[in-house]
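Enquirer: Counting from 1 along the sequence shown, just add 2 to a position and that's the residue number in this note's numbering.
Glycine included, every Cβ here is placed at the ideal spot set by N, Cα and C.
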Amino acid sequence: MADAPKVLIAEDDHFLSSLLKARLEKENFSVKQTFDGEETLSVLKEFEPDLIVLDLIMPRLSGFEFLEKISIDPQYNQIPVIVVTNLGQDNDVQKAKQLGVEEYFVKAKTSIDDLVTTIKGYVKSLKA
Numbered sequence: 003m004a005d006a007p008k009v010l011i012a013e014d015d016h017f018l019s020s021l022l023k024a025r026l027e028k029e030n031f032s033v034k035q036t037f038d039g040e041e042t043l044s045v046l047k048e049f050e051p052d053l054i055v056l057d058l059i060m061p062r063l064s065g066f067e068f069l070e071k072i073s074i075d076p077q078y079n080q081i082p083v084i085v086v087t088n089l090g091q092d093n094d095v096q097k098a099k100q101l102g103v104e105e106y107f108v109k110a111k112t113s114i115d116d117l118v119t120t121i122k123g124y125v126k127s128l129k130a
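(1) Beta-carbon within less than 7 Å of residue 3's beta-carbon, same chain only, minus the 5 sequence neighbours each way: which residues are those?
(2) Excluding the five sequence neighbours on either side, which residues of its own chain have a C-beta within less than 8 Å of the C-beta of residue 51, listed in chain order?
(3) So, at 7 Å on beta carbons, what are the nonlocal neighbours of residue 125 in its own chain, with the 5 sequence-adjacent residues on each side left out?
(4) Tell me the start and end of each unbroken beta strand (DSSP E) in the segment 33-91 that is at least 3 residues and wholly inside, in chain order.
(5) Helix, strand or coil for residue 9, going by three-state DSSP, please let me know.
(6) Report the residue from 5, 14, 24, 12 whose alpha carbon sits nearest the alpha carbon of residue 114.
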């Protein structure tokens, strides 16, 4: 799968991350998982994903801090980011959008199916 679309999942909930990874791999995605913000930054450089699925509440470097770092880096600020988090406040959504997030999902209100459909839609539009 040399030209399989690459998705980086930055999520400290191992169960959710593994569930999403399994579903995306079934759809022929190449998937890497990270479990904290620092690890996500280092994997980003070697993996070069087509899309990032990002949790905002992570150890070592929050999703917001991660977004701030990549938003000023021309090498990475063009990668679409989909946030999947427990933070549902309007100000969190606004802050994420200001940092360049494409989509914002609250975990409690989002199914894995919806997430996979959204990811497939973004990657298809990138490859077009």
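Expert: So, from the data block:
(1) Summary for residue 3: the model assigns pLDDT 47, below 50, so the residue's position carries little reliability, and this model does not support an answer.
(2) 8, 9, 10, 34, 81
(3) 7, 52, 53
(4) 53-56, 83-87
(5) strand
(6) 24
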